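> One structure, as C-alpha cells, below. Some questions next.
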C-alpha cells in the first residue's frame, strides 16, 4: 500500500510539473467538426489540489475559427492585468461566423469544451461558473436554464432574456423561441428565475446602454429576488453597451464573490 501511495504521489508530482500554464490553444471535435478555443491556466497550477473553473461566453462580433478573438477583451484582459487575482482555470469558446449562443449547437459546443477541460485538469466540480456579456450573457441565461444543476454561480452583463429581436435576424429569433422555451412564456423573466433560482447571480448593466435595454436586467433581478434567489445587481453609471464589458470584469469584487460560491460536488476528479 505504501508503494502504491508513493507511485501515486510521484505521478501527481510529474503531472503538476509538466502542466502548461497561461493562455493555451485547444481544439474539440463535436460530431465531424473540429473547433478551436482557448483556456487560461494559472501559473501556479498544480494537480495536487482541485481548481475552480469559469466558462466565459463572448459577445457578438468576435465569432470565427481562430480561437483567439474571445480573449481580446473582458475577462481575458482582466486576467492579464492582475493574474494573481484569478486563481481559476477559464474556458473561452468561440462561436463560428454567423452563429450565436442561443443556438443549441453552440450551447452544446460550449459545454463540450468545458467538459474536455474538466477532464484535462483537476477541477473542483462544486465550483464551476458561467459568465458572459451581451450575446454571451444571453447565452449564459439559456445555458443556465438548460443546466441549472451544473453551475455554482453566474455573472452576466447586458444580456437579453426575452427572445432575440427579429431585427437582428428573423432566423435567430425563431430559433431562440423554439429551443429556449422560457423566452416565449407570458413572463419570460419569472420563467427563467424559477428555473435558476438556486444559482447565485450577479447581474451588470450600464445605465446608458442603448443596444440592450437595462430593463432586461431590472426585470430579471426583480424576478430572481421574488423567486428567493441570491442575486446582486450592479447598475454601471454612465456606461454605454460597448464600455460595459471592461467595467464588469474590472470590478475587483466580482472574482472574489464568484469563487466563493459552491454547489454540491457532482463527481470527483
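In our numbering, the protein residues as written are -18 to 250.
The C-beta atom is built at its ideal place from N, Cα and C for all residues, glycine as well.
Note that this is a predicted model, so its numbers are computed, not measured.
1. What does a CB cutoff of less than 8 angstroms around residue 209 pick up in its chain, not counting 5 residues either side in sequence?
2. Can you give the Cα-Cα distance for residue 63 and residue 167, rounded to whole angstroms?
3. Let's test the definition: count the other Cβ atoms within 10 Å of the Cβ of residue 151 and tell me whether it reaches 16, buried, or not, exposed.
4. For residue 104, which residues does DSSP report across the bridge?
5. Between residue 30 and residue 148, what straight-line distance do the alpha-carbon atoms span, to the nearest angstrom?
6. For a test of the three-state rule: what should DSSP assign to residue 6, helix, strand or coil?
7. Are there 16 or more other CB atoms within 10 angstroms of the CB of residue 233, so buried, or fewer, so exposed?
8. Can you give me the C-alpha to C-alpha distance between residue 184 and residue 212, rounded to a whole angstrom?
9. Under the assumption that residue 121 contacts residue 240 (Cβ atoms under 8 angstroms), give the Cβ distance between them as a whole number of angstroms.
10. Alpha carbons only, please: which of 23, 154, 5, 25 is nearest the one belonging to residue 17?
11. Which whole-angstrom value is the C-beta distance of residue 45 and residue 75, which I expect to be below 8 angstroms?
12. Please identify the residue among 173, 131, 130 whose C-alpha is closest to the C-alpha of residue 143.
13. Please classify residue 242 as buried or exposed, where buried requires at least 16 other C-beta atoms within 10 Å of its C-beta.
14. How far does the alpha helix (DSSP H) with residue 155 in it extend, from its first residue to its last?
15. How would you call residue 11, buried or exposed, if buried means at least 16 neighbouring beta carbons within 10 angstroms?
If we stick to the structure as given:
1. For the purposes of this step, residue 209 is taken as the residue at position 228 of the chain shown. The beta carbon of residue 209 is closer than 8 angstroms to those of 178 in its chain, skipping five residues each way along the sequence.
2. Locating residue 63 in the chain shown gives position 82, where the first residue counts as 1. Locating residue 167 in the chain shown gives position 186, where the first residue counts as 1. Distance from the CA of residue 63 to the CA of residue 167, rounded to the nearest whole angstrom, comes to 43 angstroms.
3. Within the chain shown, the letter at position 170 stands for residue 151. Label assigned to residue 151: exposed.
4. Start at 1 with the first residue of the chain shown, and residue 104 comes out as number 123. Residue 104 has 32 as its beta-bridge partners, per DSSP.
5. Numbered from 1 along the chain shown, position 49 holds the residue referred to as residue 30. Numbered from 1 along the chain shown, position 167 holds the residue referred to as residue 148. Residue 30 and residue 148 have their C-alpha atoms some 48 angstroms from each other.
6. Along the chain shown, read from residue 1 onward, the residue named residue 6 stands at position 25. In the structure shown, residue 6 sits in a strand (DSSP, three-state: E or B).
7. Here residue 233 refers to the residue found at position 252 of the chain shown. Exposed: under 16 other Cβ atoms inside 10 Å.
8. Working through the chain shown from its first residue, we reach residue 184 at position 203. Working through the chain shown from its first residue, we reach residue 212 at position 231. Looking at the two C-alpha atoms, the distance is approximately 8 angstroms.
9. Within the chain shown, numbered from 1, the residue matching residue 121 stands at position 140. Within the chain shown, numbered from 1, the residue matching residue 240 stands at position 259. Contact between residue 121 and residue 240 is absent: CB atoms are separated by about 17 angstroms, not below the 8 angstroms threshold.
10. Residue mapping note: residue 17 aligns to position 36 of the chain shown, counting from 1. Checking every option, the nearest Cα to that of residue 17 belongs to 5.
11. In the chain shown, the residue the question calls residue 45 occupies position 64. In the chain shown, the residue the question calls residue 75 occupies position 94. Contact between residue 45 and residue 75 holds, with the beta-carbon distance rounding to 6 angstroms and staying under 8 angstroms.
12. The sequence position of residue 143 within the chain shown is 162, counting from 1. The shortest C-alpha separation from residue 143 is found at 173.
13. As a first step, residue 242 is located in the chain shown; it is residue number 261 there, counting from the start. Buried is the call here.
14. Sequence index remark: in the chain shown, residue 155 carries index 174 (1-based). For residue 155, the enclosing alpha helix (DSSP H) covers residues 151 to 160.
15. Residue numbering aside, residue 11 sits at position 30 when the chain shown is read from its first letter. It is exposed - the Cβ of residue 11 has fewer than 16 other Cβ atoms within 10 Å.
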